[in-house]
Amino acid sequence: MKQHWKIMVWLVAGVLVGFGLQQFTEAPGTIGVNFAQQVVEVDGQVVGIRVDSISQQLLPKGRSTTESIQIGDVVSRVSINAGMADEAMVVTTSPQVLAEFLALKGSGGVATIDLVSGEKRSSLVALDPESARARWLAPFIFVADIFMRLLKMLIMPLVVTSIVTGVAGIGGGSDFGRMGGRTFGYYATTSFLAVGLGMLLVNIIQPGVGARLGISPEADFGQRSENWLDILRRMVPENAFNAFTGNGNMLQVIFFSLLFGFFITKASDKPRRFMLDLFESAFDVVMRMASWVMRLVPYGVFCLLVKVVGETGFDIFRPLGAYMLTVMLALIIHSCVVLPLLLKVVGGVSPLKWVRAMSPALMTAFSTSSSAMTLPTTLNTLETRGRVSNRTSSFVAPLGATVNMDGTALYECIGVIFLAQYYATAGDFELTFSAQVTVVMAAFLASIGAAGIPSAGLVMMLTILSALKLPLEGAALLLAVDRPLDMCRTVVNVWSDTVGSAIIAAKEGETGLGDPEIVEP
Ligand code: ASP
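For this note's numbering, count along the sequence shown from 1 and bump the result up by 11.
Dropping the structure here:
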């Protein structure tokens, strides 16, 4: 069976199995709760955390509302999966551990929200580790985690070797200028188109007007605002070697690799050839590792979907339906109309042929929710199925995975305006034209600054909310439905990277892009 069909079959199977587990196993459901920062103590012993507000509550099957969590309850036994970020995950039945986690954890998913809001600690209360469903899910989660770790393992070596060889391969001077100009021109154009589309739809549909969100419209507005120059400042590493130690510093790594590759072309003959050989050889080896991991994609995708669907289910979609629909509609128009038109008109490549060729990368993006984790698959797919030259793909794709996020750009815009509409109709916030312009610029920058990891877009949204002086509580609410939207916007992010690669390859004179006859068997 062809790779893309195989992945598709496993993907659908994953959804079905996850859904089956969701329906037929007993579990306490997924509840998004905001905790008050104060823990409840009795005789100096921490006994729990008081529930401060509830953003989303699903009842386990067969339980009545009186058994559900209420505001003011003291929670003493939960397992927390902080925004799916492995690093920030704690499973605990001890209130003491929970309190320490909430107080100390400074990075990843939900904990980042804590840092910004300062006062509230919010998190997703996930499955009880002893529930039947959690036991059923455990093996799938285990395999899914190994798959994601394999992909993550490859991100840094791939980004460094591909960008250095890409830039050094293009050579200095005019070739580099032309390709760089085209690449960034494409990124900026599509991101602005995405933001514009998001703005248009959110203003037409107005999902936030009259929405019943259950959060206080009277919240005190605005504690801090963000300096946007920070994104640029943070791009320059203080210590290059430190930058390589975490997958979150991708902009710094890209910055260093671009410069390093560029100065290889300026070096004298001997070191230039040596460095080029060295990095090309390393790139070759890492790409072989990537194609080995590619073979595991169908099974990884399967386990990831069992995990996501089994943990989340579909019920959580209801309360924020209009908001989700707006985001989905914008994603669909951008990916099915705007980008294909660009591909056809500017690149002269058939969009249908291209989407077929790129499908393994798109399905990996859907199941991992991460452009960065998809990068090994993206590069492999571009070269083997897309027939984009190594010279082009190794320059355009790794940059795109971090910098070019159309789906995230339009999502930021819709999410922020949605909340602003809510505060404007329910409270006394004024959604002025200048506020809308701020959102357009901020959404564009946020999409550049967001790392290619799950939920990064939601975290970036906090900075836009604070720029508008809106309360951050709203973003915690959107967290409840972030995962499915994240999966879809990541597909659009990666799709845009591949469309960009095709357009730039075509402009560089490459032919046969995505040709089915030569596609792997
Ligand atoms: N998960 C997205 C990505 O990796 C970023 C986001 O959260 O919007 O492309």
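All C-beta atoms in this analysis are idealised placements derived from N, C-alpha and C, irrespective of residue type, glycine included.
Exercise for review: Assuming Cys424 and Ala454 form a contact by the criterion Cβ under 8 Å, report the distance between their Cβ atoms to the nearest whole angstrom.
Suggested key: Here residue 424 refers to the residue found at position 413 when the sequence shown is read from its first residue. Here residue 454 refers to the residue found at position 443 when the sequence shown is read from its first residue. Their Cβ separation, rounded to whole angstroms, is 4 Å, which keeps Cys424 and Ala454 in contact under 8 Å.
Check your understanding: Just the Cα atoms here: how many angstroms apart are Ala457 and Leu269?
Key -> As a first step, residue 457 is located in the sequence shown; it is residue number 446 there, counting from the start. As a first step, residue 269 is located in the sequence shown; it is residue number 258 there, counting from the start. Rounded to whole angstroms, Ala457 to Leu269 spans 21 Å at the Cα level.
Point to revise | Boundaries (first-last residue) of the alpha helix (DSSP H) holding Asn504 | key: Translated into positions along the sequence shown, residue 504 becomes position 493. Looking at the DSSP string, the run of the alpha helix (DSSP H) that includes Asn504 is 493 to 518.
Check your understanding: Contact between the stretch 287 to 303 and the stretch 437 to 451: three or more CB pairs below 8 Å?
Key -> no
Practice item. Give the single residue among Ala420, Arg494, Gly188, Lys480 whose Cα lies nearest to the Cα of Ala461. Key: Position 450 of the sequence shown holds residue 461. Of Ala420, Arg494, Gly188, Lys480, the residue nearest in Cα terms is Ala420.
Practice item. Check whether the Cβ atoms of Arg193 and Ile475 sit closer than 7 Å, and answer yes or no. Key: Residue numbering aside, residue 193 sits at position 182 when the sequence shown is read from its first letter. Residue numbering aside, residue 475 sits at position 464 when the sequence shown is read from its first letter. Their beta carbons are not under 7 Å apart, which means Arg193 does not touch Ile475 by this criterion.
Check your understanding: Given 8 Å as the limit, is there contact between the stretch 302 to 315 and the stretch 207 to 224, that is, 3 or more CB pairs closer than that?
Key -> no
Exercise for review: State the start and end residues of the unbroken alpha helix (DSSP H) segment that holds Glu394.
Suggested key: The residue labelled residue 394 in the question sits at position 383 within the sequence shown. Here the alpha helix (DSSP H) through Glu394 covers 382 to 395.
Practice item. Excluding the 5 residues preceding and the 5 following Pro534 in the sequence, name in chain order all residues of the same chain whose CB lies nearer than 6 Å to its CB. Key: Since the first residue of the chain shown is 12 and the last is 532, residue 534 is not available in this structure.
Check your understanding: If you draw a straight line from the alpha carbon of Ser378 to that of Leu353, how long is it in whole angstroms?
Key -> The count along the sequence shown starts at 1 and reaches residue 378 at position 367. The count along the sequence shown starts at 1 and reaches residue 353 at position 342. Ser378 and Leu353: Cα-Cα distance of roughly 26 Å.
**Study point:** The alpha helix (DSSP H) enclosing Thr370, as first and last residue numbers
**Key:** Position 359 of the sequence shown, counted from the first residue, corresponds to residue 370. Residue 370 is actually Ser in this sequence, not Thr. Ser370 -> alpha helix (DSSP H) spans 362 to 379.
Check your understanding: If we count Cβ pairs, one from each stretch, closer than 8 Å, do we get three or more for the stretch 339 to 348 versus the stretch 194 to 211?
Key -> yes
Review point. What residues in its chain sit with their C-beta under 8 Å from that of Glu441, if we drop five residues either side in the sequence?
Key: Position 430 of the sequence shown, counted from the first residue, corresponds to residue 441. So the qualifying residues of the chain are Ala435.
Check your understanding: Looking at Ala408 and Asp508, is the spacing between their C-beta atoms short of 7 Å?
Key -> For the purposes of this step, residue 508 is taken as the residue at position 497 of the sequence shown. For the purposes of this step, residue 408 is taken as the residue at position 397 of the sequence shown. Cβ distance < 7 Å, so Asp508 and Ala408 count as in contact.
**Study point:** Coarse secondary structure for Leu469, derived from DSSP in three states
**Key:** Position 458 of the sequence shown holds residue 469. Leu469 falls in the helix class under three-state DSSP.
Review point. Who are the near neighbours of Lys17 in its chain, counting only those whose CB is closer than 7 Å to its CB and skipping five residues on each side?
Key: Counted from its first residue, the sequence shown places residue 17 at position 6. Excluding sequence neighbours, Lys17 sits near Pro309.
Review point. With a CB to CB cut of under 6 Å and the five nearest residues on each side skipped, what residues in its chain are close to Phe151?
Key: Counting from 1 along the sequence shown, the entry for residue 151 is found at position 140. Hits under 6 Å: Cys314, Val317, Lys318.
Exercise for review: Sort Thr395, Gln14, Asp417 by Cα distance to Arg299 and report the nearest one.
Suggested key: As a first step, residue 299 is located in the sequence shown; it is residue number 288 there, counting from the start. Out of Thr395, Gln14, Asp417, Thr395 has the C-alpha closest to the C-alpha of Arg299.
Review point. Do you know how far the Cα of Asp288 is from the Cα of Ala517?
Key: Position 506 of the sequence shown holds residue 517. Position 277 of the sequence shown holds residue 288. Near 27 Å, if we compare the C-alpha coordinates of Asp288 and Ala517.
**Study point:** Environment of Gly196 [buried if 16+ CB atoms lie within 10 Å]
**Key:** To locate residue 196, count along the sequence shown from 1; it is residue 185. Gly196 should be labelled exposed.
Exercise for review: Ignore the nearest five residues each way along the sequence and tell me which others in Gly511's own chain have a CB closer than 8 Å to its CB.
Suggested key: In the sequence shown, the residue the question calls residue 511 occupies position 500. For Gly511, where only same-chain residues beyond five positions count, the Cβ hits under 8 Å are Thr194, Tyr197, Tyr198, Thr201, Val407, Gly411, Asn415.
Practice item. For Arg500, verify whether its CB is less than 6 Å away from any heavy atom of the ligand ASP. Key: Counting from 1 along the sequence shown, the entry for residue 500 is found at position 489. Indeed, a heavy atom of the ligand ASP lies less than 6 Å from the Cβ.
**Study point:** Cβ neighbours of Phe30 in the same chain (closer than 6 Å, five flanking residues each side left out)
**Key:** By one-based count along the sequence shown, residue 30 stands at place 19. Listed in chain order, the non-local C-beta contacts of Phe30 below 6 Å within the same chain comprise Val320, local neighbours out to five positions each way being set aside.
**Study point:** Cβ-Cβ separation, Leu390 to Leu169 (assumed contact under 8 Å), whole Å
**Key:** By one-based count along the sequence shown, residue 169 stands at place 158. By one-based count along the sequence shown, residue 390 stands at place 379. At roughly 7 Å, the Cβ-Cβ gap stays under 8 Å, so Leu169 and Leu390 are in contact.
Point to revise | Inter-residue spacing [alpha-carbon to alpha-carbon] between Ala301 and Ala376 | key: Against the sequence shown, residue 301 aligns to sequence position 290. Against the sequence shown, residue 376 aligns to sequence position 365. About 15 Å.
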